[in-house]
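Residue numbers for the sequence shown follow our numbering, beginning at 286 and rising by one.
Ideal placement from N, C-alpha and C gives every residue a C-beta, glycine not left out.
The structure appears right after this line, and notes come after that.
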Amino acid sequence: MLEISNLNVRYGAIQGVRGISLTVKAGEIVALIGANGAGKSTTVRAIAGLLPFTGDIAYEGQKLRPNAAEKNLRAGIALVPEGRGILGRMTVEENLQMGIYCRSDHAEALIDINRMYDRFPILRERRGNLASLLSGGEQQMLAIARALLSRPKLLLLDEPSLGLAPKMTSFVFDLIGSLRKEGLTVMLVEQKARHTLKIADRAYLLEMGKVVTSGMAESLANDPQISEAFLGGR
Ligand code: ATP
């Protein structure tokens with residue numbers, strides 16, 4: 286579904302990503318793990334079309350152009366950004382309506398908003414509230430629901446568990462598993478590597494803008510070197 290080769294992204298003098306190559310097959314959960322500043326967010330932001338880049342990103346066989354976020358969204362790539370990107374001064378309902386702006390099937394899209402309320406009943410309860418008044422976990426649900434409303438094929442999740450309590454973190458990880466069962470392909474950026482490797486099929490470990498290791502999630506989780514360096518040695 287996604288084939289990236291030799292991706293480079295610069296922020297002026299700083300090179301955020303240095304020659305990354307990776308693939309994602311349809312139906313997989315692929316994790317990007319690594320320390321702060323490793324280049325994980327830069328990679329997913331480039332895929333979403335939010336950054337200039339050099340190298341190739343092919344999605345369903347078509348090369349993606351840099352800075353083509355809206356086109357990529359219409360092609361089925363949705364990003365839930367780090368920090369969620371919720372519009373705090375808008376209501377829950379208004380935030381969800383933002384999620385359908387790229388849809389031409391308006392009537393069906395409104396039905397989808399209702400389906401999201403069925404999936405996340407707390408959002409229905411809070412539909413008239415300002416999004417800033419939601420808890421961190423509720424905001425993450427809202428961000429994911431909003432992304433799903435574009436009916437993506439590839440969902441890019443940037444640190445969805447950041448700042449969440451353990452119970453809500455488990456909820457989000459379970460949700461990712463369910464979404465995959467429903468046919469969605471997921472690229473998951475996470476710092477909680479141990480938990481991530483439990484739900485991912487494959488993972489890429491990034492360091493200073495490069496892929497240093499990749500493989501089946503289970504074998505990475507059991508690799509003593511990886512465990513020592515990134516999983517707290519447990
Ligand atoms: P984090 O978990 O902290 O988000 P990350 O692995 O996602 O880490 P990136 O955010 O992709 O890492 O950052 C990769 C490199 O690019 C870092 O050196 C970072 O300082 C730099 N960088 C990221 N965003 C910018 C920016 N807007 N301007 C300048 N440099 C940036």
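Check	Outcome
Leu-242 beta carbon near the ligand ATP (any heavy atom closer than 7 Å)	Because the chain in this structure spans residues 286 to 519, residue 242 falls outside the shown range and cannot be described.
Complete runs of the alpha helix (DSSP H) confined to the region 444-497 [at least 4 residues]	451-466, 478-484
Pair within 8 Å by beta-carbon distance, Leu-490 and Thr-481	no
Tyr-296 Cβ short of 7 Å to the ligand ATP heavy atom set	yes
Best match in Gly-494, Ala-488, Met-493 for proximity to Ile-511 [C-alpha to C-alpha]	Ala-488
Range covered by the alpha helix (DSSP H) that runs through Glu-378	377-383
Strand pairing of Leu-434, partner residues [DSSP]	In DSSP, Leu-434 forms no bridge with anything.
Presumed contact (8 Å Cβ cut-off) between Tyr-402 and Leu-395, rounded CB distance	About 11 Å separates the two Cβ atoms, so there is no contact after all.
Helix, strand or coil at Glu-423 [DSSP, three-state]	helix
Entirely enclosed alpha helix (DSSP H) segments - the region 322-396, minimum 4 residues	325-333, 354-359, 377-383
Per DSSP, cross-strand counterpart(s) of Met-401	According to DSSP, which records beta bridges pairwise, Met-401 is partnered with nothing at all.
Within 8 Å, strictly: CB atoms of Glu-345 and Met-286	yes
Cβ neighbour criterion (16 or more within 10 Å) applied to Asn-291	exposed
Exposure label - Arg-519; buried when at least 16 CB within 10 Å	Unreliable positioning characterises Arg-519 in this predicted model, as indicated by a pLDDT of 42, which lies under 50. A coordinate reading is not provided.
CB of Ile-461 within 8 Å of CB of Leu-449, strictly	no
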